[in-house]
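Just below is one structure, and these are the notes that go with it.
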Amino acid sequence: MILSNNQYLKDREPRVGFISLGCPKALVDSEQILTRLRTEGYGIAPNYEAADLVIVNTCGFIDAAVAESLDAIGEALAANGRVIVTGCLGAKDNVVRNLHPSVLAVTGPHACEAVMDAIHTHLPRPHDPFLDLLPPQGVKLTPRHYAYLKIAEGCNHRCTFCIIPQLRGDLVSRPVGDVLQEAETLAQAGVKELLIVSQDTSAYGVDVRYRTGFWKGRPLKTHLTSLAAALSELKIWVRLHYVYPYPQVDELIPLMAEGRLLPYLDIPLQHASSRILKAMKRPANSSNSLERIRRWRAICPDLTLRSTFIVGFPGETEDDFARLLEFLREAELDRVGCFTYSPVNGATANALPDPVPEEIKQERQAQLMELQAAISAQRLQRRIGQTLTVLVDAINEEEGTAIARSTADAPEIDGVVYIEEGVKLPVGEFTKVQIVDADEHDLYADLLNTR
Ligand code: SF4
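Take 0 as the starting number for the sequence shown in numbering that gives the first Met the number 0 and just add one per residue.
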């Protein structure tokens, strides 16, 4: 049975079947494609029936190999119906398509990227907020005025609800010179805002013991503070995501207060009860988070704090949840996302006792979001009357407004600033506005020169 995209989204991860024919070089291609599939969260199906789509990596070396490959494609089509062809025979697109016109896509050998593109088209993976660093639509080519910059891959932690380290391995920091070179290229190409991402941004450089790298012949430590300071020289917005509150984060706050980095921290705290944080095996226990948040705000009063939380983690009691709500009341975070706990295949938390019933999870999520909506709304009220620099993302011709973001708003996940009579503003440019109204998420502004 072939599942439609919508069916598999509801029930399970999308699964790909794989037939690998040919020589060792083809085998390496297969390994690369399989690695990418697993990294991106696809399952590998053991047979045609269990697959949502089948990849056939072909051989075209001798006639017998061509015949074997064409037979394998035919068999996969008959048994499954959704087939992508790659490999040496794929280089002869017409040979494949003449006999099997219904194949979904054909690529040549060593074409991992092209195969992945075809899979993303024909079997898109649902967005998983626990696994994905990037928003569901991935890195957009437009608007071109902001870009994600990944500084490391993998993670050294072993949070019990997460399988990222199993999928992507331990932390591997990119060389500081490479990161800065990419950042500079993006800035030169017109990018006005860099969104720094990794699984654990604060840990940047731990794996290489903060070794010294070079940028433009200048020695620089592979360390978040030196990287952030160097990025600030590009004179564009630099926004930090997935920053765990390790001590070195304190060093970033003065850079924010000086206007060199955006005064914005995305800190995935996940909970506030030390019992639950321990069960989650979170890298930084939040026992002193409140104190640090107060200190940060004293140094940089404009600091915007964003965080995400999980409710309904196994063993979460009413007391634990009350502790979380109390933390939110005291911390007065600006932006909060909240997920109900759901088991991820392969995560160690799946074996924990005392699961929280689904309806209690939902109730807690609603309660948390209601509390936070009031906090966020109250914090946004403080903006009314302020003059802010915003970056214009889009124009809504019908409404006659421009949609922009302030330093407090990351794209896709935070609020926006609606600018009245802003239709003539250039997209991707900064402008100054005066805030005239606010709700729970968004701000409303007039163009400064219209008032
Ligand atoms: S810090 Fe924890 S949640 Fe984040 S990627 Fe590492 S193991 Fe997963």
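Where a beta carbon is used, it is the ideal one built from N, C-alpha and C, also for glycine.
Residue i vs residue j beta-carbon contact at 7 Å
i, j, result
"A50", "C58", "no"
"R378", "D333", "yes"
"T211", "V242", "no"
"A104", "I83", "yes"
"I418", "A444", "yes"
"I359", "D319", "no"
"F326", "A271", "yes"
"V391", "V432", "no"
"G153", "V171", "yes"
"C337", "F308", "yes"
"V416", "L447", "no"
"L15", "L52", "The residue you asked about is not Leu; residue 15 is Val in the sequence shown. Yes, these two residues count as a Cβ contact at 7 Å."
"A330", "Q380", "no"
"A409", "R238", "yes"
"V355", "E315", "yes"
"V310", "R259", "no"
"C158", "R281", "yes"
"A151", "Y209", "no"
"R124", "G40", "yes"
"P262", "M255", "yes"
Residues that residue i bridges to, as DSSP identifies them
i, result
"D445", "E419 and Q433"
"I359", "Its beta-bridge partners do not exist; DSSP assigns none."
"Y263", "T303"
"E192", "Y145 and W236"
"C87", "The partner list for C87 (beta bridge, DSSP) is empty, contrary to what the question assumes."
"N56", "S19 and T85"
"K220", "T211"
"G42", "R14"
"A104", "I83"
"V171", "E152"
"Q269", "F308"
Classification of residue i by the beta-carbon crowding that lies within 10 angstroms, buried from 16 upward
i, result
"R322", "buried"
"S19", "buried"
"L140", "Note that L140 scores 43 on pLDDT, short of 50, meaning its location in the model is unreliable and no value can be drawn from it."
"H119", "exposed"
"Q136", "Reliability fails at Q136, whose pLDDT of 38 lies under 50, so the model's placement of it is uncertain and the value that follows must be treated cautiously. When all chains shown are included, Q136 counts as exposed."
"G399", "exposed"
"I163", "buried"
"T106", "buried"
"P13", "buried"
"P267", "buried"
"I402", "buried"
"E48", "exposed"
"V138", "With a pLDDT of only 42 at V138, under 50, the local geometry of the prediction cannot be trusted, and the value read off the model is given with reservation. By the neighbour-count rule (16 or more Cβ atoms within 10 Å), V138 is not buried but exposed."
"D116", "exposed"
"E192", "buried"
"I72", "buried"
Start-to-end residues for the beta strand (DSSP E) that takes in residue i
i, result
"R143", "First-last for R143: undefined, no H or E at that position."
"R11", "It is not in any beta strand (DSSP E) - R11 carries neither H nor E in the DSSP assignment."
"R454", "The structure shown has nothing for residue 454, since the chain only spans 0 to 450."
"I394", "T386 to N395"
Range of the contiguous alpha helix (DSSP H) that encloses residue i
i, result
"R404", "Not the alpha helix (DSSP H): R404 falls in the beta strand (DSSP E), residues T400 to R404."
"R291", "S288 to I298"
"L69", "D62 to A78"
"L98", "D92 to L98"
"L254", "L251 to A256"
"D319", "E317 to A330"
"H440", "Looking at the DSSP string, H440 is not in any alpha helix (DSSP H), and its letter there is neither H nor E."
"T200", "That residue, T200, is in no alpha helix (DSSP H); it is neither H nor E in DSSP."
"D116", "C111 to H121"
8 Å contact criterion, which residue i and residue j should meet: CB distance rounded
i, j, result
"T224", "Q247", "6 Å"
"G345", "Q198", "About 16 Å separates the two Cβ atoms, so there is no contact after all."
"L302", "R296", "6 Å"
"V114", "I32", "5 Å"
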